[in-house]
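*Asks:* One point on numbering: in this note's numbering, the residue at position 66 of the sequence shown is 69, and numbering is uninterrupted. For every residue, glycine included, the Cβ atom is placed at its ideal position computed from N, Cα and C.
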Amino acid sequence: MSIRLVVGRKEHGKTTLAYYMARKFARLACFDPRGLIRRPGALVARTVDSCSGGFDSLAQPGAGGYIELAYTPDEDFRREAFPHFAREVRRWVYERRALPLAVLVDEITFVDVAGDDFDQAIKACDAGVHHFFLTCHRPIDVPTNVRALADFWYLFAIHQEHDLEVIRARCSPEAAEAVRRLSGRSVVGWDHLSGVRTYENPAAWYVNLAPDVMLVPPVELDPI
């Protein structure tokens with residue numbers, strides 16, 4: 004299991020960084036409430052039924068060996084859409100344990116990542132097989148049970164003292180100080196083994212999340 008938190012203010016590039024890391028895996032399921040991720044060849048779901056169909060498609064990758072699902076729901080995010088997405092992730096972890104899967108949840112403040120199904124999924128998944136990427140604006144946006152399990156933190160510039168205190172307590176004083184000194188779109192990475200690392204070249208992880216010209220358009224699982 005690996006859980007990566009990507010934290011930063013709006014328009015700093017946290018979704019781009021999370022996607023850049025998540026797309027390195029053979030299968031990727033994105034909960035994309037803002038509809039930002041529209042990569043060529045991706046499956047786009049808008050209802051709970053097509054979300055389930057998308058997960059089934061992920062289990063049978065095509066000749067290219069890479070399948071991506073972007074779920075931008077028409078339903079209520081918190082009460083309907085994300086609980087269904089979480090159940091599908093949990094089902095994958097329990098019923099398809101050997102199949103690698105990356106899960107990206109963008110802007111977790113829209114949903115409840117501390118709910119039973121998602122909580123069970125992140126606790127029961129296998130290290131090296133299942134990978135979770137969660138984005139948010141502030142460290143306190145991450146529920147305590149998820150924050151405690153996070154393996155890697157990627158932090159854009161933060162200056163609010165309360166947020167820095169959370170980073171000091173959960174990561175290290177060195178991480179908090181490095182984050183406080185950041186500017187632009189640079190990022191501080193932290194984990195228990197490597198400590199603090201600073202990445203100062205955002206061009207290295209830039210991905211156009213929705214190219215204007217697509218040679219292979221996304222596949223709409225629902226009519227627009």
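Output the distance between the C-alpha atoms of alanine 101 and leucine 61, rounded to the nearest integer angstrom.
*Replies:* Cα to Cα, the separation comes out at about 13 Å.
*Asks:* If you count every other CB in all the chains shown that lies within 10 Å of the CB of arginine 126, and 16 or more means buried, which is it?
*Replies:* Rather than arginine, the amino acid found at residue 126 in this sequence is lysine. It is exposed - the Cβ of lysine 126 has fewer than 16 other Cβ atoms within 10 Å.
*Asks:* Could you check where the alpha helix (DSSP H) with glutamate 71 kicks off and where it finishes?
*Replies:* Where glutamate 71 is concerned, there is no enclosing alpha helix (DSSP H), although the beta strand (DSSP E) it sits in stretches over 70-74.
*Asks:* According to DSSP, simplified to helix, strand and coil, what is alanine 105?
*Replies:* Here alanine 105 sits in strand by DSSP.
*Asks:* Beta-carbon within less than 8 Å of histidine 15's beta-carbon, same chain only, minus the 5 sequence neighbours each way: which residues are those?
*Replies:* Once the five neighbours on either side are set aside, the close Cβ partners of histidine 15 are Phe159, Ala160 and Arg188.
*Asks:* To the nearest angstrom, how far is it from the Cα of tyrosine 22 to the Cα of valine 210?
*Replies:* Each residue's alpha carbon lies about 8 Å from the other.
*Asks:* Between leucine 72 and cysteine 33, how many whole angstroms is the CB-CB distance? I'm expecting something under 8 Å.
*Replies:* About 7 Å separates the two Cβ atoms, so the contact holds.
*Asks:* For aspartate 59, count neighbouring Cβ atoms within 10 angstroms of its own Cβ and tell me buried if that reaches 16, exposed if not.
*Replies:* Its Cβ having fewer than 16 others within 10 Å, aspartate 59 is exposed.
*Asks:* Taking the beta strand (DSSP E) that glycine 192 belongs to, which residues open and close that run?
*Replies:* That run of the beta strand (DSSP E) goes 190-194.
*Asks:* By the DSSP assignment, the beta strand (DSSP E) with valine 51 in it spans what residues?
*Replies:* No beta strand (DSSP E) contains valine 51, which is instead part of the alpha helix (DSSP H) from 51-61.
*Asks:* With distances taken Cα to Cα, identify the nearest neighbour of valine 10 among Gly118, Ser175, Pro214 and Asp109.
*Replies:* Considering only alpha carbons, the answer is Asp109.
*Asks:* Per DSSP, what kind of secondary structure is phenylalanine 80 in: helix, strand or coil?
*Replies:* Phenylalanine 80 falls in the helix class under three-state DSSP.
*Asks:* Suppose contacts are defined by Cβ-Cβ distances below 8 Å. Is leucine 107 in contact with alanine 25 by that definition?
*Replies:* Their beta carbons are under 8 Å apart, which means leucine 107 touches alanine 25 by this criterion.
*Asks:* Cutting at 6 Å between CB atoms, please list the residues of its own chain near leucine 31, excluding the five before and the five after it.
*Replies:* Cβ within range, chain order: Ala25, Glu71 and Ala105.
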